[in-house]
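Visitor: Position 80 of the sequence shown, counted from 1, bears residue number 80 in the working numbering, the numbering being contiguous throughout. Just so you know, even glycine gets a beta-carbon here, dropped at the ideal spot from N, CA and C. Only a predicted model underlies this, so the values are computations on that prediction, with no experimental measurement involved. Take a look at this one; I'll ask things after.
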Amino acid sequence: MECLRTWFNTIFIGGAAVAWLAISTAVAAPFLWLKSSNRDQAVRKFVYIQSRGIVFFMRLAGQGLQIETEKRPEGSCVIVANHASALDLYTVAACGFCNVVYVTKGWVFKLPFFRYVMQGAGYIDAEKTSPIAMLELCRKAIARGCDIVLFPQGSRKDPHARFKSGAFYLAEQLHLPVIPMAIAGTQRMLPAGSFWIRPAKIVLKTFAAVTAQSYPGELGHLHMAQDVKKQIMDFVDQQNVVPNMNY
């Protein structure tokens with residue numbers, strides 16, 4: 001039964017999701033291109049709407065979607081999440097973050113379908129941007145009311161990879177609170193390197209924000225990274241979402 005559901009998810013729901021991305025982009029692109037002011041903000045809003053659409057298809061393909069959120073601080077924040085699936089990008093919208101700038105790997109900017117949207121939204125290529133330039137770009141994004149989103153594990157291949165400290169150093173330098181976000185179930189639904197969409201329960205949770213003030217000293221951002229990873233991964237492991245890599 002699960003095999004049949006996986007085939008159905010991949011062919012019909014996955015096909016509908018791809019069509020949604022393509023058609024919505026084709027329809028919106030002329031309006032976004034002609035917009036003369038605040039185009040980047042309009043593109044980010046469009047990405048949010050697209051992402052909510054993908055979350056809808058994830059609901060159809062899955063075995064339930066559970067979302068738990070803590071009250072967030074006012075103003076801009078740095079959002080950090082674990083990363084095990086290509087679907088993780090869309091789950092950020094499910095938690096209500098609607099005006100975000102992603103800091104991501106450079107290969108994503110090379111994808112024909114995504115690169116124009118990402119450039120238009122003002123997303124940041126982590127591989128081509130120096131630390132000083134990244135700080136400046138993030139400051140500009142904050143001035144426009146954006147949140148900064150990073151996946152500090154960097155890769156989807158190892159779900160328990162360490163959290164790199166760059167995101168936390170960035171939050172420290174910009175004096176921004178960090179919102180930990182746990183994503184469970186996407187690795188089961190669409191694991192790295194696979195195109196099969198398996199039925200799985202998705203659980204999303206944001207935790208109370210943490211600040212650099214709680215981690216004083218030169219190595220404070222390293223300790224923050226360790227504590228945030230433990231908080232996130234303990235929750236993910238408690239969901240008992242174990243990918244079946246043999247299918």
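M1 and I202 look like a contact to me (Cβ under 8 Å); what is the Cβ gap, rounded to whole Å?
Guide: Wrong, their Cβ atoms sit about 20 Å apart, outside the cutoff.
Visitor: If I follow the unbroken alpha helix (DSSP H) through T25, where does it start and stop?
Guide: 14 to 34 is the span of the alpha helix (DSSP H), which, as asked, contains T25.
Visitor: Can you name, in chain order, every residue of its own chain whose Cβ lies under 8 Å from the Cβ of H221, other than the five neighbours on each side?
Guide: The residues are S165, F168, Y169, A171, E172, A212, Y215.
Visitor: With H, G and I counted as helix, E and B as strand and the rest as coil, what does DSSP make of A167?
Guide: The answer is helix: DSSP assigns A167 an H, G or I state.
Visitor: So, for Q153: in the same chain, excluding its five sequence neighbours on each side, which residues have a beta-carbon less than 7 Å away from its beta-carbon?
Guide: Closer than 7 Å at Cβ, skipping near neighbours: N82, H83, A161, F163.
Visitor: Could you give the first and the last residue of the continuous beta strand (DSSP E) run that contains E68?
Guide: First-last of the beta strand (DSSP E) with E68: 65 to 68.
Visitor: Buried or exposed, going by whether 16 or more other CB atoms sit within 10 Å of the CB of S85?
Guide: That one is buried.
Visitor: Taking the continuous beta strand (DSSP E) assigned at I248, which residues delimit it?
Guide: A question about residue 248 goes unanswered here, because the residues of the chain that appear run from 1 up to 247.
Visitor: Identify, in the order they occur along the chain, each residue of the same chain with its Cβ nearer than 6 Å to the Cβ of P73, setting aside the five sequence neighbours on each side.
Guide: Closer than 6 Å at the Cβ level, and outside the excluded window around P73, lie P177, A209.
Visitor: Under 8 Å between the Cβ atoms of L34 and A42?
Guide: No, they are not a contact pair.
Visitor: What does DSSP give as the partner residue(s) for D125 in the beta ladder?
Guide: Answer is T104.
Visitor: When the Cα atoms are used, what is the spatial distance from Q66 to I232?
Guide: Distance between the alpha carbons of Q66 and I232: 16 Å.
Visitor: Whole angstroms is fine: what's the gap from L137's alpha carbon to F8's?
Guide: Near 42 Å, if we compare the C-alpha coordinates of F8 and L137.
Visitor: Relative to the C-alpha of Y116, which candidate in Y90, R44, A192, V18 has its C-alpha closest?
Guide: Y116 has its Cα closest to that of R44, out of Y90, R44, A192, V18.
Visitor: Would you report the Cα separation of V47 and A19, rounded to the nearest angstrom?
Guide: Between V47 and A19, the C-alpha separation is close to 15 Å.
Visitor: Can you check whether the CB of C95 is closer than 8 Å to the CB of D147?
Guide: Cβ atoms of D147 and C95: not closer than 8 Å.
Visitor: Tell me which residues share the same chain as P159 and place their Cβ nearer than 6 Å to its Cβ, disregarding the 5 neighbours each side in the sequence.
Guide: Answer for P159: A84, Q187, listed in chain order.
Visitor: Between A121, P131, A182, V27, which has its C-alpha nearest E68's C-alpha?
Guide: Answer by Cα proximity: A182.
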